[in-house]
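Asks: Could you have a look at this structure, given as structure tokens, before my questions?
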Amino acid sequence: MKVKIEVMLRDAILDPQGNTIKKSLNSLGFKNVKNVRQGKLIEVDLNSNSPIKEKKKIEKMCEDVLTNSLTEKYKIKFLKNK
5 MKVKIEVMLR
15 DAILDPQGNT
25 IKKSLNSLGF
35 KNVKNVRQGK
45 LIEVDLNSNS
55 PIKEKKKIEK
65 MCEDVLTNSL
75 TEKYKIKFLK
85 NK
């Protein structure tokens with residue numbers, strides 16, 4: 005089973021990379037871009053097919069290793085194997 009973890013800066017945290025991307029897009033003629041927030045996507049492949057069993061472990065991975073809980077938030081999405 006694959007797990008996708010989307011990590012983004014918390015809304016209250018300034019995103020200088022997102023702001024730089026927005027400015028670049030605006031300068032290239034994409035004037036309708038109002039805001040950009042940049043994040044990261046982490047994909048984990050597990051030897052399990054039970055999201056219920058793995059949810060707490062994935063949350064612990066996120067909180068202990070994959071994110072900075074002071075500045076980042078995360079969303080977990082479990083994908084079924086094909």
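So the sequence shown is numbered by the numbering used here: it starts at 5 and just counts up by one.
Cβ coordinates follow ideal geometry from the N, Cα and C atoms, glycine included.
Distance, Cα to Cα, L50 vs E63?
Replies: For L50 and E63, the distance between alpha carbons rounds to 14 Å.
Asks: When you compare the CB of K61 with every CB in chain D, is at least one pair closer than 8 Å?
Replies: Chain labels in this structure do not include chain D; a single protein chain is all it has.
Asks: According to DSSP, simplified to helix, strand and coil, what is R64?
Replies: Checking the displayed sequence, the identity of residue 64 turns out to be Lys instead of Arg. K64: helix per DSSP, three-state reduction.
Asks: Identify the continuous beta strand (DSSP E) that holds L13 and give its terminal residues.
Replies: From DSSP, the beta strand (DSSP E) with L13 extends over K6 to L13.
Asks: Can you check whether the CB of V40 is closer than 8 Å to the CB of I25?
Replies: Yes. Within cutoff.
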